[in-house]
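Participant: Letter by letter, the sequence shown follows residues 377 to 456 of this note's numbering. Note that CB positions come from ideal geometry on N, CA and C, so glycine has one too.
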Amino acid sequence: MQVINTNTFSLNSQRHLNKNTQGLATALERLSSGLRINSAKDDAAGLAIAQRMESTGRGLTVALRNAADGISFAQTADGA
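(1) Could you check the C-alpha separation between D454 and G433 for me, to the nearest Å?
(2) Return helix, strand or coil for T402, following the three-state DSSP convention.
(3) My output table needs one value for S415: the three-state DSSP class, helix, strand or coil.
(4) Compute the beta-carbon to beta-carbon distance between N403 and I413, rounded to the nearest angstrom, for a pair I have assumed lies under 8 Å.
(5) Just how far apart, CA to CA, sit T407 and L400?
(6) Could you check what DSSP says for G435 in three-state terms: helix, strand or coil?
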């Protein structure tokens, strides 16, 4: 029969080390990105608002490009 010896102090220390290492990694990610929201767990509502604003901005950029293309098309048709 095999005997399994456990060192509870060592296991507890390892658990705390892993938890602190994970916390440090999260803090470094937040500091290095420079963003207020890095993931949904930071601020879910804020992330949703930011994504909506970003997609609105992209839509406006496409609308401007389409308007410029329409103007170019009209100018080309005028010149022909």
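Facilitator: In short, the structure shows the following:
(1) 32 Å
(2) helix
(3) coil
(4) One detail in the question is off: residue 403 reads as Ala in this sequence, not Asn. Not confirmed; about 15 Å, so no contact.
(5) The amino acid occupying residue 407 in the given sequence is Leu; Thr does not appear at that position. Rounded to the nearest angstrom, the two C-alpha atoms are 10 Å apart.
(6) helix
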